[in-house]
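Student: This is the structure I have questions about; it appears just below.
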Amino acid sequence: MTLKTPAESFFHLHLVSDATGETLINVGRAACAQYANVLPIEHVYPLIRSMKQLERVLNEVENNPGIVLYTLVDKEIRERLKERCRELGVPYMSVLAPVVQLFQSYLGGSPTPRVGGQHSLDANYFKRIDALNYTVMHDDGHMTEDLESADVVLLGVSRTSKTPTSIYLANRGIKTANIPLVPSVPLPPGVEKLKKPLVVGLVASPERIVEIRQNRLLGLNAADLGASYIDREAVNEEIILSRRLCARNGWPLIDVTRRSVEETAATIYALYSERRRRAIAET
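For the sequence shown, our numbering puts the final residue at 775, and the numbers step up evenly by one.
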C-alpha cells in the first residue's frame, strides 16, 4: 500500500518467515531507517510452516494492509501468500530471492533451500556461542589473567560503550574482553605486552561522557555520589590519559561520540579482519 500523503506518519510492515524472522527484521529496519519521518508498525510472524498458520497471517494483513516481506522455502505456502497479497492489493517481496538469483547466475546450478539454514548448528554457530561465553566472563575487567586468548581487547573510560560493543562483536564470533580505564588504577599486568589480541581504545567527547554519566547516576538515584565522576575537567583528564596510553602502545583509537554501537563494532571488525589478513600474508 502506497503512502498517499506526507501527513501519514506510520505504516504496517508484515514480516513473514518460516524461521526466526531475524533476517526480515534486519532488512525491514534498515529500509525503514531511510525514512526519518515514517514509522513502521511491525507485525512479525516467525515459524510459519503450514497453511493454517499462514491463514492467520493473511487475516492480519487484510485487517492491517501494508508492505509484506517474506522468507518462505515451501513453494505452496509462498504462492498462497503472493496470491492473497495480489488479491488484497498490497505490495510483497521475498527479501532473499534477488540475492539467491544473483548467486545462481554466477555459481550456476540450483540452490538447495533449507528452512532456517542460516541458524544451523554448524561450526560457526558454536564459535559464536563460545565467543559470547568468553565475552561475558571477561566483561568490565574480569578474568584478565588469560587475555592473550582473546581476539579483541577493548579499553576505555567509563561510559564509552565497551560492554555493548563487546557483546555485538561476540555475536560475530569474536572473543572480546573489555577493561575499564579508571583514574589511579593501574592496568592489569601484561596488557601492554599482549601479542595475539587486537587492542582497541574507545574514547568520546567529555561533554558526551558527562551527559551519559549524569543520566546513569540519576537512574541509580546516586546523583550526589559522583562529583568527580561527572566533573568536566576530571573527565577530560581521563580521556587525555587514555589517548596517551593508546598512542604509547600504537593501539588504534576510536571516537564513539557520534557512533552507534553497530558502527563502532563494524570499524573494529574491519581492523580485526585486516590484521588477520596481514598475519596470513606474512606466514
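We put the beta carbon where it would ideally sit given N, CA and C, even for glycine.
1) Going by alpha carbons, who is nearest to Val683 out of Leu647, Tyr764, Asn707, Arg664?
2) Please identify the residue among Glu552, Glu579, Met543, Arg751 whose C-alpha is closest to the C-alpha of Val695.
3) Just grab the DSSP bridge partners of Ala669 for me.
4) Report yes if the C-beta distance between Ala525 and Thr563 is below 8 angstroms; otherwise report no.
5) For Pro532, does the three-state DSSP call read helix, strand or coil?
6) What is the DSSP secondary structure of Ile746, counted as helix, strand or coil?
7) For a minimum of 3 consecutive residues, which ranges assigned as the beta strand (DSSP E) are wholly contained in the segment 543 to 570?
8) Helix, strand or coil, according to DSSP, for Leu661 in the structure here?
9) Counting only the same chain and skipping the five closest in sequence on each side, list residues whose C-beta sits under 6 angstroms from that of Val753.
10) If you measure between the beta carbons of Gly558 and Arg620, is that distance less than 8 angstroms?
11) Report the rounded CA-to-CA distance for Leu673 versus Glu730, giving the unit in angstroms.
12) Taking 7 angstroms as the limit between beta carbons, can you name the residues of its chain near Thr775, skipping five residues before and five after?
13) Flag this pair as yes or no: are the beta carbons of Asp643 and Pro689 separated by less than 8 angstroms?
14) Taking buried to mean at least 16 other C-beta atoms within 10 Å of its own C-beta, is Lys496 buried or exposed?
15) Mind checking which residues open and close the alpha helix (DSSP H) that includes Gly581?
16) What number of angstroms, rounded off, separates the C-alpha of Arg572 from the C-alpha of Ile760?
17) What residues are listed by DSSP as bridge partners for Tyr537?
18) Whole angstroms is fine: what's the gap from Gly693's alpha carbon to Leu507's?
19) In three-state terms, what does DSSP make of Leu690?
20) If you follow the alpha helix (DSSP H) that Ser765 is in, where does it begin and where does it stop?
Tutor: This is what the structure holds:
1) Leu647
2) Arg751
3) Val645
4) no
5) strand
6) strand
7) 558 to 563
8) helix
9) Ser653, Pro656, Thr657, Tyr660
10) no
11) 8 angstroms
12) none
13) yes
14) Bear in mind that the predicted position of Lys496 carries a pLDDT of just 46, short of 50, making it too unreliable to give a figure here.
15) Careful: Gly581 lies outside any alpha helix (DSSP H) and carries neither H nor E.
16) 44 angstroms
17) Val508
18) 38 angstroms
19) strand
20) 753 to 774
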